[in-house]
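2 protein chains.
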Amino acid sequence: MAKVIQKDKSTEEKILAAAKNVFIRQGMMGARMQDIADEAGINKALLHYYFRNKEQLFDVIFMQAAGQLFPRIRMIFESDVPLFEMIERFCEDYIEIISANTYLPLFVFNEINRDPAGFMKKINGAMGFPKPELFLQKIEKEIKKGTIKKISPLQLLLNLLSMCIFPFVAKPLLLVNLQLDEMQFRAIMDQRKKDVARFIIDSIKK
Amino acid sequence: MAKVIQKDKSTEEKILAAAKNVFIRQGMMGARMQDIADEAGINKALLHYYFRNKEQLFDVIFMQAAGQLFPRIRMIFESDVPLFEMIERFCEDYIEIISANTYLPLFVFNEINRDPAGFMKKINGAMGFPKPELFLQKIEKEIKKGTIKKISPLQLLLNLLSMCIFPFVAKPLLLVNLQLDEMQFRAIMDQRKKDVARFIIDSIKK
DNA sequence: GTCTATAATTTGATAGAC
DNA sequence: GTCTATCAAATTATAGAC
Numbered sequence: 001m002a003k004v005i006q007k008d009k010s011t012e013e014k015i016l017a018a019a020k021n022v023f024i025r026q027g028m029m030g031a032r033m034q035d036i037a038d039e040a041g042i043n044k045a046l047l048h049y050y051f052r053n054k055e056q057l058f059d060v061i062f063m064q065a066a067g068q069l070f071p072r073i074r075m076i077f078e079s080d081v082p083l084f085e086m087i088e089r090f091c092e093d094y095i096e097i098i099s100a101n102t103y104l105p106l107f108v109f110n111e112i113n114r115d116p117a118g119f120m121k122k123i124n125g126a127m128g129f130p131k132p133e134l135f136l137q138k139i140e141k142e143i144k145k146g147t148i149k150k151i152s153p154l155q156l157l158l159n160l161l162s163m164c165i166f167p168f169v170a171k172p173l174l175l176v177n178l179q180l181d182e183m184q185f186r187a188i189m190d191q192r193k194k195d196v197a198r199f200i201i202d203s204i205k206k
Numbered sequence: 001m002a003k004v005i006q007k008d009k010s011t012e013e014k015i016l017a018a019a020k021n022v023f024i025r026q027g028m029m030g031a032r033m034q035d036i037a038d039e040a041g042i043n044k045a046l047l048h049y050y051f052r053n054k055e056q057l058f059d060v061i062f063m064q065a066a067g068q069l070f071p072r073i074r075m076i077f078e079s080d081v082p083l084f085e086m087i088e089r090f091c092e093d094y095i096e097i098i099s100a101n102t103y104l105p106l107f108v109f110n111e112i113n114r115d116p117a118g119f120m121k122k123i124n125g126a127m128g129f130p131k132p133e134l135f136l137q138k139i140e141k142e143i144k145k146g147t148i149k150k151i152s153p154l155q156l157l158l159n160l161l162s163m164c165i166f167p168f169v170a171k172p173l174l175l176v177n178l179q180l181d182e183m184q185f186r187a188i189m190d191q192r193k194k195d196v197a198r199f200i201i202d203s204i205k206k
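For the record, the sequence lines run as chains A and B. Residues 1 to 206 (our numbering) are what the first sequence spells out, left to right. Residues 1 to 206 (our numbering) are what the second sequence spells out, left to right.
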């Protein structure tokens, strides 16, 4: 195997970290290349040396963010385990994944809002969007078996997604309104892993 | 009573409608005055004649949006009715209010994310932010009375807010991914008014 | 690879005629 | 009130030296 020339990535990594922060705070349009350069401790010219333009830089950041989110959700949705276990795993894993990058949901929903078709094209081309079909089927089967109450599978899916994702979208509001710090928010979300799963199962089980 | 000189509002209204659309799609920073002028069918100069600058125009749009949302949520949270009824009223009223302006949640959360302290100051100065204290107290009382299961009041509040608000944040994703049109989305949200309330009550009642 | 200096473009805002 | 023309400032992007 040929020896791979190890390009020095320290500057590129500094840029990506800085860009991530600025894009999260300001969004694609609000972000300023100067701010990214400042936060990376370099100048604008070097930014353009590494990434030809702003759009390309944003795409790298966005696909990187999407890449650490969607494939893992897909895995949960595609795992063939009993319904209750799938619910528990989704709450546990999803909240854990996002807790490491709480900005992700709002960031992603904004990009979808800006260009829904473009988003789906980008994601499907690169990694495939998580499909909840198996989850919906499992719900219908359990209803037919009579092990859970009659409920619209789509509504139940929305409930699950809502309760796992929404608190992260609302995080800035929760922090300022409930006067929480990062530690306290993290603790509430940790608690939520078990609470949401139990809340759902309590509601649907017969 | 003196006769009020009726200023012609048709142009101003066209501007406000156009600005709302552009700010929703692009956000405060992404919005272009030219785009707003185009959508209103006028030119930039006239835009500046009606609203001195972009920030002022955005503030009008934002406070208008907030004004049709927060006071009504306050009323629900402050109404002294039994817990289950409050849950039912919240689902019914909140989903109904937002259905008329589905863009509101994402719009508001973005502004909070951009400047949390500034947001609270603006809202509290103008109309007061909805306080869920009464709701939280009612939950604790019902737990003590033994009429509902033991549950963290904060987590239950988060569940309620999540399930009512999140689908609107995720609307662009739902439309493109589930291939829904506006009518179908509206129907699902209508169904949700009753479904979410029942889902919650089923989960907590003993 | 990294910088300084500057070009090129976009965009918010104003002046002044009608 | 509304427009055309233009300015001033901000911002992306490049040229060229080291």
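Quick reminder that beta carbons are idealized off the backbone N, C-alpha and C, glycines included.
Hey, how far is the Cα of residue i from the Cα of residue j?
i: A/Leu134; j: A/Glu78; result: 7 Å
i: A/Ala117; j: A/Met127; result: 16 Å
i: B/Gln155; j: A/Asp195; result: 8 Å
i: A/Met1; j: A/Gly41; result: Reliability of the predicted coordinates at A/Met1 is poor, the pLDDT of 47 falling under 50, and no value is obtained from them.
i: B/Ile98; j: A/Ile97; result: 29 Å
i: B/His48; j: B/Glu55; result: 11 Å
i: A/Ile73; j: B/Ala45; result: 49 Å
i: A/Pro153; j: B/Lys121; result: 41 Å
i: B/Asn159; j: A/Leu57; result: 36 Å
i: B/Glu111; j: A/Met33; result: 21 Å
i: B/Ile188; j: A/Leu136; result: 16 Å
i: A/Ile123; j: B/Lys145; result: 50 Å
i: B/Ala197; j: A/Pro172; result: 26 Å
i: A/Asp190; j: A/Phe199; result: 15 Å
i: A/Ile5; j: B/Met183; result: For A/Ile5, the pLDDT reaches just 48, beneath the cut-off of 50, and the residue's location in the model is therefore unreliable, although a value from the coordinates is still provided. So the two alpha carbons sit approximately 56 Å from each other.
i: B/Leu161; j: B/Leu178; result: 23 Å
i: A/Glu12; j: B/Gly30; result: 26 Å
i: B/Ala65; j: B/Leu104; result: 7 Å
i: B/Asp202; j: B/Leu157; result: 15 Å
i: A/Pro132; j: B/Ile24; result: 29 Å
i: B/Glu92; j: A/Val169; result: 22 Å
i: A/Val22; j: A/Ala37; result: 10 Å
i: B/Leu180; j: A/Ser10; result: 45 Å
i: B/Arg89; j: B/Ala17; result: 30 Å
i: B/Asn53; j: B/Asp115; result: 19 Å
i: B/Phe119; j: A/Lys150; result: 42 Å
Contact defined as beta carbons within less than 8 Å: I believe residue i pairs with residue j. What is the distance between those atoms, to the nearest angstrom?
i: A/Glu142; j: A/Leu106; result: The pair is not a contact, with the Cβ atoms about 33 Å apart (cut-off 8 Å).
i: B/Phe129; j: B/Phe70; result: 6 Å
i: B/Phe166; j: A/Ile165; result: 6 Å
i: B/Met19; j: B/Ile61; result: The sequence given here places Ala at residue 19 of chain B; Met does not occur at that position. Indeed they touch by this definition, with Cβ atoms about 5 Å apart.
i: B/Ile76; j: B/Lys193; result: Actually they are not in contact, since the Cβ atoms of B/Ile76 and B/Lys193 sit about 13 Å apart, beyond 8 Å.
i: B/Lys205; j: B/Ile139; result: Going by Cβ atoms, the distance from B/Lys205 to B/Ile139 rounds to 13 Å, so no, they are not a contact pair.
i: B/Gly27; j: A/Gly27; result: 6 Å
So which residues of chain A does residue i contact, with C-beta pairs closer than 7 Å?
i: B/Leu106; result: Phe109, Asn113
Just to make sure I have the definition right: I need the residues of chain A whose C-beta is within less than 9 Å of the C-beta of residue i. Which are they?
i: B/Ile165; result: Ser162, Phe166, Val169, Ala170
i: B/Phe188; result: The sequence shown places Ile at residue 188 of chain B, not Phe. The contacting residues are Ser152, Leu154, Gln155, Leu158.
Counting only Cβ pairs nearer than 9 Å, list the residues of chain B close to residue i.
i: A/Val22; result: Result: empty, since nearest Cβ-Cβ is about 12 Å, beyond 9 Å.
i: A/Gly30; result: Gly27, Met28, Met29, Gly30, Arg114
The alpha helix (DSSP H) spanning residue i covers which residue range?
i: B/Asn43; result: Taken as a continuous stretch (DSSP letters only), B/Asn43 belongs to no alpha helix (DSSP H), as it is neither H nor E.
i: A/Lys150; result: Segment: none, A/Lys150 is in no alpha helix (DSSP H) and carries neither H nor E.
i: B/Arg82; result: The question names Arg, but residue 82 of chain B is Pro in the sequence shown. From DSSP, B/Pro82 is part of no alpha helix (DSSP H); its letter is neither H nor E.
i: A/Asn124; result: 116-126
i: A/Asn21; result: 10-30
i: B/Arg186; result: 182-204
i: B/Pro223; result: The first residue shown for chain B is 1 and the last is 206, placing residue 223 of chain B beyond what the model contains.
i: B/Gln64; result: 54-67
i: A/Leu175; result: 171-177
Interface residues of chain A around residue i at Cβ under 8 Å?
i: B/Ser203; result: Phe199, Ile200, Asp202, Ser203
i: B/Met120; result: Val176, Asn177
i: B/Asp195; result: Ile151, Ser152, Gln155
i: B/Gln191; result: Ser152, Gln155
In chain B, what lies closer than 8 Å to residue i by C-beta?
i: A/Ala117; result: Val176
i: A/Phe129; result: Asn177
- prompt: Can you list, in chain order, the residues of the stretch 171-185 of chain B whose Cβ is nearer than 9 Å to any Cβ on chain A?
  reply: Lys171, Pro172, Leu173, Leu174, Leu175, Val176, Asn177, Leu178
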